[in-house]
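Engineer: If you count by numbering that gives the first Met the number 0, then the sequence shown holds residues 0 to 312, one letter each, in order. Structure in structure tokens, see below.
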Amino acid sequence: MSSTTIPVAGPETASGSDLSEVRDWIALLKPRVLTLVVFTGLIGLLVAPGHIHPVLGLTAVLCITIGAGAAGALNMWYDRDIDAVMRRTQRRPIPAGRIAPNAALGFGVVLSVTSVAMMGLATNWVAAGWLAFSILFYVVVYTAWLKRRTSQNIVIGGAAGAFPPIIGWAAVTGDVTLVPWLLFTIVFAWTPPHFWALSLWAHGDYARAGVPMLPVVKGARETRKQILIYTVVLAVAGLAPWFVGFAGLPYAAVAVALGGGFLYHAIRTWREEQDETGRSLVQDAAARRTFAYSLMYLFILFGALAIDRLVLA
0 MSSTTIPVAG
10 PETASGSDLS
20 EVRDWIALLK
30 PRVLTLVVFT
40 GLIGLLVAPG
50 HIHPVLGLTA
60 VLCITIGAGA
70 AGALNMWYDR
80 DIDAVMRRTQ
90 RRPIPAGRIA
100 PNAALGFGVV
110 LSVTSVAMMG
120 LATNWVAAGW
130 LAFSILFYVV
140 VYTAWLKRRT
150 SQNIVIGGAA
160 GAFPPIIGWA
170 AVTGDVTLVP
180 WLLFTIVFAW
190 TPPHFWALSL
200 WAHGDYARAG
210 VPMLPVVKGA
220 RETRKQILIY
230 TVVLAVAGLA
240 PWFVGFAGLP
250 YAAVAVALGG
260 GFLYHAIRTW
270 REEQDETGRS
280 LVQDAAARRT
290 FAYSLMYLFI
300 LFGALAIDRL
310 VLA
């Protein structure tokens with residue numbers, strides 16, 4: 000008499016499945032983007048004048064994290080159609096069918112409301128208001144309005160990612176003065192060369208999805224020129240905290256060095272070997288290095304500001 004063995008999911012299998020599902024929900028929050036957003040928000044909080052209890056400070060940073068993650072989830076919900084046709088994004092949880100769109104929408108809305116309410120109750124409603132505005136700006140202005148309509152989507156929409164220093168500052172002070180707006184300007188000027196460097200080698204994905212990123216609409220040559228122009232603006236903006244007396248010479252030295260490095264990479268990108276249309280003949284090697292440098296740039300610059308204010312002042 001033969002017997003048939005029926006496989007039963009053991010604890011290890013169930014645990015692995017649960018862990019995979021958790022990873023999918025975390026992926027909705029765009030954790031790689033979150034890192035930089037949370038860091039700039041934390042620096043805004045640390046360099047703000049005044050005092051905030053460490054527990055409330057950590058709560059404020061948590062609220063920025065949740066709010067930014069909520070915006071990422073709502074972005075993935077809205078963009079699920081174009082994510083499905085882009086190689087870079089087609090394995091995201093929604094287009095891959097691992098999370099239902101309505102579930103992602105509910106997840107993003109709940110996290111948005113929770114983050115804003117927590118921020119208001121833990122710190123103040125000025126910070127909560129800016130957090131709410133940043134979420135709405137990213138989801139409504141950038142994702143739903145600009146991204147599919149104009150090649151300037153990143154320029155205008157980039158403001159959404161520049162709000163965290165303002166939110167962190169407001170969590171401590173209850174107001175928004177000149178300095179947090181200067182920090183906003185740095186991130187705002189950083190966003191175009193950062194994303195356009197990425198879009199130079201991902202232009203095929205954007206073209207297939209019908210997203211009018213600058214390389215798709217204006218071509219690679221114009222994109223390279225715009226990267227250089229915005230990098231010059233960024234190099235000047237990076238010195239703004241020193242210009243107004245908020246930061247000292249150590250910060251200024253770091254800002255000059257970092258700005259010079261960014262300009263070097265932008266010039267290399269501009270002069271990279273190209274065909275007659277401006278397309279790279281070496282797989283956008285310089286643009287890829289510019290993109291990698293841009294990530295390091297913002298971390299080091301904001302870190303230098305915190306050290307200048309908290310350690311060297």
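We treat Cβ as the ideally placed atom computed from N, Cα and C, and that holds for glycine.
Under a Cβ-count criterion, where at least 16 other Cβ atoms within 10 Å of its own Cβ denotes burial, should glycine 302 be classed as buried or exposed?
Structural biologist: Per the 10 Å Cβ criterion, exposed.
Engineer: Could you tell me how far apart the beta carbons of isoleucine 153 and proline 191 are, in whole angstroms, since I believe they sit closer than 8 Å?
Structural biologist: Going by Cβ atoms, the distance from isoleucine 153 to proline 191 rounds to 5 Å, so yes, they are a contact pair.
Engineer: Identify whether aspartate 313 lies in helix, strand or coil by the three-state DSSP scheme.
Structural biologist: Residue 313 falls outside the range modelled here, since the chain spans only 0 to 312, and no answer is possible.
Engineer: If we count the other Cβ atoms within 10 Å of its Cβ and call it buried at 16 or more, is histidine 52 buried or exposed?
Structural biologist: The residue is exposed, with fewer than 16 neighbouring Cβ atoms inside 10 Å.
Engineer: Under the rule that 16 or more other beta-carbon atoms within 10 Å means buried, what is arginine 79, buried or exposed?
Structural biologist: Answer is buried; the Cβ neighbour count reaches 16.
Engineer: Please work out which residues of its chain come closer than 7 Å, Cβ to Cβ, to serine 114, disregarding the five sequence neighbours upstream and downstream, and give them in chain order.
Structural biologist: Hits under 7 Å: Cys62, Ile65, Gly66, Ala69 and Leu130.
Engineer: Use the C-beta contact count for glutamine 89: other C-beta atoms within 10 angstroms, 16 or more gives buried, fewer gives exposed.
Structural biologist: With fewer than 16 other Cβ atoms within 10 Å, it is exposed.
Engineer: Reducing DSSP to helix, strand and coil, say where serine 150 ends up.
Structural biologist: The answer is coil: DSSP assigns serine 150 none of H, G, I, E or B.
Engineer: Let's test the definition: count the other Cβ atoms within 10 Å of the Cβ of aspartate 174 and tell me whether it reaches 16, buried, or not, exposed.
Structural biologist: Exposed, because fewer than 16 other Cβ atoms sit within 10 Å of the Cβ of aspartate 174.
Engineer: Look at the alpha carbon of alanine 159 and the alpha carbon of phenylalanine 132, and state the distance between them as a whole number of angstroms.
Structural biologist: Distance between the alpha carbons of alanine 159 and phenylalanine 132 is about 9 Å.
Engineer: Touch check for the segment 14 to 32 and the segment 142 to 150: three-plus C-beta pairs under 8 Å?
Structural biologist: The answer is no - the segment 142 to 150 does not touch the segment 14 to 32, with fewer than three Cβ pairs under 8 Å.
Engineer: Counting only the same chain and skipping the five closest in sequence on each side, list residues whose C-beta sits under 7 Å from that of leucine 41.
Structural biologist: Closer than 7 Å at the Cβ level, and outside the excluded window around leucine 41, lie Val60 and Gly167.
Engineer: What's the gap between the Cα of glycine 107 and the Cα of aspartate 307?
Structural biologist: In a straight line, the C-alpha of glycine 107 is about 37 Å away from that of aspartate 307.
Engineer: Taking C-alpha atoms, which residue in Gln151, Ala196, Val125 and Ala254 lies nearest to isoleucine 185?
Structural biologist: Comparing Cα-Cα distances from isoleucine 185 to each of Gln151, Ala196, Val125 and Ala254, the minimum goes to Ala254.
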